[in-house]
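What follows is a short report on a single structure.
Protein chains in written order, with my numbering: chain A, 2 to 420; chain B, 2 to 420; chain C, 2 to 420; chain D, 2 to 420.
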C-alpha cells in the first residue's frame, strides 16, 4: 500500500527530528520543509540531517524578502504593536511559513501537514489557522497535541532515548536554558530560566543587539525615506551608505540598530490562549522603522484619519498576534490601512545613540505642514476670531450638562477619582 | 458707578501685563490670579508686578499637589498619550488652572474672567471649556480673540509702546526665540526658531533633562510601587532613597529622570483646531511612570480588559488634549478606567540609563501571573489537547470563508498589499 | 464508599432525565436543580419526575425577579443588541442560572455540576464560563461533550431505549419539530424545520405574540418612566393600569406587547463557536423597553457620551452573547454604562399598534432639551456668527487635504465607490 | 467695473429669493443653481422666478440618479444610521448638492458661492465643508451668518417688506407651521409646532407615507437582490413587478413602502453644533433596503468582519451627519466598508404590512450558511468534544481572575449594578 505523504516543517532541532522519525514510524512518507526566514542556521546541514533521519525529500525555502515585503512592512504601515510594546516579530513570520507549507503540500499532492509547535503556545494556533484558511481540507498532524505522541513522549528523557534508538544526533552543545525563535525581524527569548518576570535577563541572552552600555558613544545619523508608507531608502548620514532594496535595507538597519543597542524589550504579555508569559525580544531594525513611520505620519497624515486608525491599532495587532493574518477581518482592516498610507511619503532623519532613537527632522513634499500649503496661508490666514465661534459652539453641551447637573443631581466632579 | 471685577490669569510676562493694564483701561477692577503649577518662577516678584501694573488684588495659588493627584496620576492610570507619543503635559495642567480660576471668580462674586492664551492655540480652548463647564454663566474676555484688542495690538511694537506708555517693565533678558510652557509635569518648547520640523533643536533648548550623551554612564536602578494604578512609592535602589508623598515622589522622579536624559520628545502634532504644529517636550518623571505602569499592567491586568481599554486610549487622550477634562464623556471613560485599575497593585523595577528606561522586573501579590495562582496549576494543569478544540472551533469560519471565496469569486490573497 | 454528589440542571425533558439516570448509573448522588426563569412549565410535576428518575434532592428556584433586576434591565440600560437585531433573550438568562447552580453546589458541598446543553451551541459555553468564573475549582460533567456518553447515545433511538429500560416517561405529546427555549424575557425557536433560512416560519410557531394581522386595530398608548435608565413605572393610558414592581411591570409589558404583535424577529446569527444559525425569537416587553430607552436617551443623554457608548454597544452585546457576563471586561464596560445612565430619568409615551412601537412623546425634568435650560437661552442665545468660526476652523484640514491631493497625487474622489 | 459672479443655491422659496435680490443689490451677478434631488417641486416655475428676481442665468440640475448611486447606496452599504434611528436622509443629499455647486462655480469661473441655510442648523456645515473640501479657494457668502444681512433682516416682517419692495412674489398658500426638506430618500419635518418633543405630530404632517392604520390589511411580499452590497433588483411577489435600474428601483420602493406605512421616525437628535433638536422623518424605501441589507449580511458576512464593522458604524454615521462626506476619514472608512461588501450577494424576501418589514427568507449563492459549504460538513463534521477545549482555554483567564479577586480583594460581583 502506498504511503501517505506528509509535509513536516523541519528545523533540524531535536523536537522536529524526533517528530520526523515518529511520523515515518507511523507509516508516513515524510517530506521536510525548512523555511529560511532569516534565522542564523546552516541550512545545508539541516537538509542533510533531514535526509539522515528519514526524509524522502527536503525543501529549503528562502522566504526572507517576501517576509519583509508582504508581512513585516504591511504590519509596520499599520503601526502594529501588541499590548503597547511588542512588535510582533514571531507572529508576523508565521503566516508566510504556513503559506509556503500549504503550497508545498499542494505541489506534493497531499493533504497532510505536520509541525512541531507545542500545545501551550501561540505558534500552533498561527500555523494551523494559516493551514485551515488557505486549505480547508488540510489534515494536520500536530504531535504535541496528539494523545498517542504525548503518551509516548512524557519527558525529555523519552526523547533522548528515542533519539539514541534511531541514531538521531543530539546537539553536543549544551542546550540553552530557555527557548529562542529567530527570523529576520527579531529574536525571542523565553521560558526556562527567563520565566520569572522579576529576574533580569543576563546580558548573554542577547544576540542581535549590543547593550546600550557597550554601544558607541557617538550618534549614528540616518535618514529613512518612505513612499506610501513603505520604507524605500535608508541613508547613513555618517558614512553615506545607501540601501534601497527591501532585503538589503532591512538587513542593514538591523545591523546599525543592533550596534547602537536598539530594539530590546522585556515584557509580560497575554498569549491568545489566556496564559500570561514573559518574553524578551530583540527587534532592532523594525524598532527604528516604527519610530520613523510614526514621525512621518505626524507631518503627513490627516488628524481624523490618524485618530480613527489609532483606535484600530490594538485590534489590528491582536489579529496578527492571534494568527488571523489570512482572515476576512484582516482584509477589512488592511483595506483601510492601505488607504491611510497613500499620502505617507517623505523622509525622516533620526539619531541613533545607545538605545535611543531620536527623530531630529522630517519632511514631506505632500506634507500637510508644508509652509506654502499651510492652512494658515489660505484665504488670508487664520482668523483668531474664528476660534471664538469654534469654542462657543463646542461649549454649548458642556454648559447644558452643567445646568442639568446643578439643577437636578448633587453636583460634584468625580470625587471617586481620588485614591 | 462701581467697576466690574474681572479675574485675570496672570503670568507676569509682557502679554498678560499688557492685558492687565488694558482691562483696567477698559474700566475693569482687575484681580490677578497666578497659578503655581510648578513652573520655575519668582511668585513674589510676579505678585508685586501685578500690583504695580494695576491689580487690585492678587491670588497666588499653589496647585502642584492637586495637579499631581487629580490630573497627572489619573491621566497616567489611563495610559494617556496623544498621537502615540505626547504625554499631554500642557493639556493636563489646564483644567486645574481653569477650575481655580472659576473658584476665585465665584469667591470674588464676578462672572468675568480673562486669560492671555492666543487665538491659534489649544490652550484658549482648554481654559474656556473649563470655564464654561464649571460656570456656564461666565463672561470670558479673551483679548487675543477680541477685535478691539487685536486692532489696538497689531504687532509686538504696539505692545512695547503700550508697555512704555504705562511703565510696564519689559524683561531685560533677551526674549527666547521660541515659546515655553512649564509645569511640574513637563516643559514645552515650540514656535519661533523651532517651527521648521526639519531642523534639530539646539541642546540649549532643553532645561529639565540632560542629554543622553551627558547623562551618567551608570545605571540608576529604581523601584516604583503602585496601588490601584496610583504610584505610591519610589525607591532608588542605588542609594536607598524612598519617597511616598505624591509631590515628593513626583519631584524626585523628575530629578533622577532628568539626570538620566529621560523624557524628551520632538514631534509634529495635530492641534485641536486643525493645524499641525511642531512641539518639543521634556516630561522626565511621567515618562518613567508610564513605562512602569504599562509594565505592571502586563502582569496584573486581564487580557480582554487591556485590549478593550487600549482601543479607548486614543479617545481618552484626545479628550484631554482637546480640553474636555470636565465633560460627561470624560466621566464616562474615567468610570471604566477606574474599574480597570482596581487590581493594578505591585512593584516594577527599572534601570535608567542615558535616555533608556529598561523594565527589569515586576511583581504583584495579586498577579494573574503568580506561580501558585497560575492557571496552569488549576485543575491538574493545562491540557494541550484542549488547544486542538480551541483551534478547530476558531478555524470554522476561516475554512468557510475560503470555501466561499474559492467557489464564487476569484481567490487571491490581497495582491494590492504589494507596493 | 460515599457517593460523590453532583448538581444537575434539570428541565424535566427527555435529555436531562436521561442524563439524571446516567449520572446515577455512573455512581453519582444526583441533586436536581430546576431554574424557574419564567418558562411555561409545571414545576411540581418536574420535581416529581426528578425524584422518580432518581434524584436524591430537588431544588426549584424562582429566579424571575432577580433575572429582571440584575440581568435584563442592566442589558437594556446598555442598549444591548446582538448583530443589530437580537435582544439576547437566551444569553441574558444563562448567567443567573449558572450563578444559582454554583450557589447550590457550594451549599451542598460538592464541586460537581452537570448540565444538558449540547456541544454545538452557545449555551454550554455560557453555563460553563459562569461556572468557572464563579467557582474555578468546579468539576463539570457535560454529557454532550463526554466521549463515553456520546458513544452510548448515538441517536435518539438510543435515548428512547434507555428511557424505556429505566422507566423514564417519554412525553406522549408529539415532540415539536424544532427547539424552543423560554424565559421571562423571550422565547426562541430554532433548528429542525426552522433551519432553512429561506422558509418562513408557520404562524403556529409563535407563542408569546399575536401576529400583527391578528392584533387589535386600535392603538394602545403607554407611558414608560425611567430612573437612572431603569424602567420604574408603566402606565397604560387607554385604561389607566399602572405597574411599578419590576416583575409586575415586565410581565404586564410582555402581555400588552404580545397582544399588539410586538417583538418578533427572524435572523441568521453568528454563534460564538463560528457557525451561522437561524433563530426566530419573540421578545415582546423588552422590545418596547429598548425603544423607550433609546428615545429617552435622545432627550437626556449628552451627545459625546452617546456616540462613544454606541461604539461600545457591539462589544457589550458580544460579551453577553458569548457568555462572559461574569468577566472583568463586563465589569469594565458596566462601569462606564452605569455612569452613562445617571441622568437617564424621564417618561416616554408610545403607541403600540400591530407590531409597531411608535414613540409619540418624551419628557425629562433633567432634559438637555428642557426649554428653560436650553443652551439657546444661555447668555443671550445662540449667535449664528459663531457657526462661521466653527465651520472655518473645522474646514482647515479639509482644505489642506485638498491642496495636498491636488498638488501631488492624481485627484479623484473615490471612483471605486461605483459598482 | 465688471460684477463678480456668484453661484446661489436657489430653491424658489422666500428666503433664497430674498437672498438672490440682496446679492444683486450687493453688486453681484447672481447665477442660480437649482438642485433637483427628488423634491416635489415645479422646476420650470422656480427657474422663471429666479430670472424674475434678478438671476442672470439659472442651472436646473437633475442629481437624482447620482444621489442614489453614489451617496444613498454607499451609505446603506455601511448600514449608516445616526443615533440608532435616523437614516440620514437630509445629510446624505448635501454633499452632492455642494459638489455640483462647486462644479458650476468652476465652469462659471468664479470663486463666489452662496446658500440660504441658517446659522443654527447642520446644513450650513455640510454645504460649506463640501465647498471647502472640493475648492479650498472658494469664497462663501452665507447671509444667515453675515452680520450685515442679519442686521437688515431681523425678523420675518423685514423679509416680507423687502419682498414687497422688490416685487418678489410671496406664496399665497399659508406657510406651513414647521420646516420641511425633501429629497428622493426622505422628507424631514421639524421646528415650529413640531418643536415640543412631547407633542405627537398630526397625521397631516406626513406626506410620503400612509399611516400604518390606513395601510392595506394585506401583506406585500417583495424580494430584494443585492450584488456587492448594492441593491440591483426589486421584485414585487404579489404582482410580479420588477425593477433593476437604480432610480426606478428606488422610486418604486419608496412607493410601496409609503403605501404600507413604512419609514416614519420621530426622534430627538443631537445636531453637530451641540443643540438637541426634534425631527420627524419619512424614509420609506431606504428603510426597507436597510432591513434587507442587514438580513443578507446575516447570512453572507463573516462574524468578525461584522462585529468590527459594527463598532465603526456610529463613526461612519457621525461623519455623514456632520458633513464630512468629502474627507480623508470618510475615504478611510469607505475603503474598509467596500471590502466588507465584496461577498454580500444574494436575495432577501420581506413581507411589508402596516409599518412592519418582516424578513421571511434569505439566500446567497456564496452564503457562509450554504448547506454544502457548511462548516459542519467539512472534515467529517463538527466534533462536539472540540467545544470542551474551546471552553477550557477561554475559561483560563476567568478562573485566574476569580482566584485573584478571592485572594486579595473582597469578592463581590458588581453590587452597584443594583438600583
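Virtual Cβ for every residue (Gly too), placed ideally from N, Cα, C.
query, result
"Return no unless some Cβ of chain B is closer than 8 Å to the Cβ of residue 170 of chain C.", "no"
"I'd like to know whether the C-beta of residue 303 of chain B is nearer than 8 Å to at least one C-beta of chain D.", "yes"
"Quick one: what does DSSP say residue 107 of chain C is sitting in, helix, strand or coil?", "helix"
"In terms of residues, what are the limits of the beta strand (DSSP E) holding residue 257 of chain B?", "Note, residue 257 of chain B: premise wrong, no beta strand (DSSP E); alpha helix (DSSP H) at 247-260."
"In the DSSP output, which residue or residues are listed as bridge partners for residue 168 of chain A?", "Note: residue 168 of chain A sits in no beta bridge, so no partner."
"Looking only at its chain, what residues have a beta carbon closer than 7 Å to the beta carbon of residue 345 of chain B, apart from the 5 residues adjacent to it on each side?", "227, 229, 230, 297, 298, 301 and 302"
"Would you kindly work out how many angstroms separate the C-alpha atoms of residue 257 of chain A and residue 265 of chain A, rounded to a whole number?", "14 Å"
"Near residue 210 of chain C, what residues of its chain come up, given a Cβ to Cβ distance below 7 Å and the 5 sequence neighbours on each side ignored?", "259, 262, 263, 264, 265, 283 and 285"
"Mind checking the segment 207-226 of chain C against chain A and listing, in chain order, the residues whose C-beta falls within less than 7 Å of any C-beta there?", "none"
"For residue 66 of chain A, which residues in chain C fall below 7 Å Cβ to Cβ?", "Chain C residues near residue 66 of chain A: none, gap ~28 Å exceeds 7 Å."
"Given this structure, state the Cα-to-Cα distance separating residue 98 of chain D from residue 64 of chain B, to the nearest angstrom.", "52 Å"
"Per DSSP, which residues does residue 206 of chain D bridge with? Please list them.", "Looking at the DSSP assignment, residue 206 of chain D forms no beta bridge with any residue, so it has no partner."
"For residue 328 of chain A versus residue 134 of chain A, is the C-beta spacing smaller than 8 Å?", "yes"
"Could you spell out where the alpha helix (DSSP H) holding residue 322 of chain A opens and where it closes?", "304-322"
"Counting only runs of 3+ residues fully inside the segment 34-77 of chain A, write out the beta strand (DSSP E) ranges in chain order.", "58-63"
"Quick test of the definition: if touching needs 3 or more C-beta pairs under 8 Å, does the segment 67-79 of chain C touch the segment 335-342 of chain C?", "yes"
"Which of the three DSSP states, helix, strand or coil, is assigned to residue 234 of chain D?", "strand"
"Can you name the residues that DSSP bridges to residue 13 of chain B?", "None, per the DSSP bridge assignment."
"In this structure, how does DSSP classify residue 431 of chain D when only helix, strand and coil are distinguished?", "No answer is possible for residue 431 of chain D: it lies beyond the span of chain D, which begins at 2 and ends at 420."
"Between the C-alpha atoms of residue 198 of chain D and residue 400 of chain A, what's the straight-line distance to the nearest angstrom?", "21 Å"
"What residues from chain B crowd round residue 388 of chain D, counting only those whose CB sits closer than 7 Å?", "390 and 394"
"Taking the alpha-carbon of residue 35 of chain B as reference, which of B:387, B:15 and B:59 has the nearest alpha-carbon?", "B:59"
"When the Cα of residue 390 of chain A is compared with those of B:367, B:27 and B:129, which residue comes out closest?", "B:129"
"Use the C-beta contact count for residue 147 of chain A: other C-beta atoms within 10 angstroms, 16 or more gives buried, fewer gives exposed.", "buried"
"Could you compute how far the alpha carbon of residue 323 of chain D sits from the alpha carbon of residue 272 of chain D?", "8 Å"
"Can you grab the Cα-Cα spacing for the pair residue 388 of chain D / residue 270 of chain C, in whole Å?", "19 Å"
"Under DSSP, the beta strand (DSSP E) around residue 269 of chain D begins and ends at which residues?", "265-271"
"Taking 8 Å as the CB-CB limit, is residue 43 of chain A close to chain C?", "no"
"In whole angstroms, give me the CA-to-CA distance for residue 235 of chain C and residue 223 of chain C.", "7 Å"
"Am I right that residue 281 of chain B and residue 206 of chain B are in contact with their C-beta atoms under 8 Å? What's the rounded C-beta distance?", "6 Å"
"So if I threshold CB-CB distances at 8 Å, which residues from the segment 133-144 of chain B count as touching chain E?", "Absent from the structure is chain E; the protein chains it does hold are A, B, C and D."
"Assuming residue 127 of chain D and residue 86 of chain D make a contact with CB atoms under 8 Å, what is their CB distance in whole Å?", "Going by Cβ atoms, the distance from residue 127 of chain D to residue 86 of chain D rounds to 19 Å, so no, they are not a contact pair."
"Please report the Cβ distance between residue 361 of chain A and residue 351 of chain A, rounded to the nearest whole angstrom; I am assuming they are in contact, meaning their Cβ atoms lie under 8 Å.", "7 Å"
"Out of curiosity, what's the CA-to-CA distance linking residue 170 of chain A and residue 161 of chain A?", "10 Å"
"What three-state label does DSSP hand residue 396 of chain C in the structure shown?", "helix"
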